[in-house]
Each structure stands twice: as C-alpha cells, then as structure tokens.
Amino acid sequence: MEEAGQAYRKWEKEAKKDVEDETTDEDSQSVEATLDETEQKAMEGLKEHIRAKNAYEFQDLVAALLRGMGYHTPFVAPKGKDGGIDVIAYRDPLGTQSPRIKVQIKHR
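Numbering (the working numbering), first residue to last: 14 to 121.
This is how it looks when you write it as structure tokens:
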C-alpha cells in the first residue's frame, strides 16, 4: 500500500510538471510578444519626448544624462552664444581624470 502511495505522488508530481511546462511555453511566448510591444512603445515614447524638447531643454537633458552616468557637469551653457561648447563633463569634481568631455548640442 505504501508503494502505491509513493507511486501515485510521483505520478502526480510529474503530471503537474508536464502541465506547467506546456503552460510555461505558451506563457513565455505571450510574455515575449508583450515585452517586445512594450519595448517598442517605450522607445517611441522616448523619441517623441526628445523631439518635443527645445534646444535648451535638450541641452539640459544631455547634461542630466551625463550626470546620471556618473560625470560631473560644472558647465552647462546659458541661453545665447556659447562659443560652440554647451556642456563640459568630468569624471571627478575637479576634472583631473580622463575622459574630459566637451559637448556641442545639435537638436534637429
């Protein structure tokens, strides 16, 4: 009787696994399609957000991106003539480490 109980539990466990495997395959395909659609919508949303920015908002966005990447941005050009350099970024607060980045923003 004990052997029958063990055999039943083993069968039940394997049967559940087979059902889960089938469901997992279908679910993973559905999730993958949903993920691709979501990534595409997110990318379009980002592109539209960037296109909607004026030149100075875009400049601030680039400076913020550099700060998010760990750079220090001691200079972000004010509105008006800037001599071609819009953002200066350094790895450290004093600018003693390479790379030192000088950015000229071109939006559209």
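No residue lacks a Cβ here, since even glycine has one placed at the ideal position from N, Cα and C.
What is the rounded straight-line gap between the Cα of residue i and the Cα of residue j?
i, j, result
"K54", "A90", "33 Å"
"I114", "G81", "14 Å"
"P112", "Y103", "7 Å"
"R22", "S41", "28 Å"
"G18", "K26", "12 Å"
"R64", "K94", "22 Å"
"N67", "G58", "16 Å"
"A76", "Y69", "11 Å"
"H120", "M56", "18 Å"
"H62", "E50", "18 Å"
Quick one: using the 10 Å Cβ neighbour count with 16 as the cut-off for buried, is residue i buried or exposed?
i, result
"I118", "buried"
"A20", "exposed"
Which first and last residues belong to the beta strand (DSSP E) in which residue i is found?
i, result
"R113", "113-116"
"V101", "The sequence as given places Ile at residue 101; Val does not occur at that position. Looking at the DSSP string, the run of the beta strand (DSSP E) that includes I101 is 100-103."
Whole beta strand (DSSP E) runs in the segment 36-95 with 3 or more residues, listed along the chain? For the segment 36-95, whole beta strand (DSSP E) runs of length 3 or above, ordered along the chain, are 85-89.
Counting pairs of beta carbons, one from the segment 36-56 and one from the segment 87-105, are three or more of them closer than 8 Å? The segment 36-56 is not in contact with the segment 87-105.
Decide if the segment 73-88 is in contact with the segment 108-116; the criterion is three or more beta carbon pairs, one per stretch, under 8 Å apart. Short answer: they touch.
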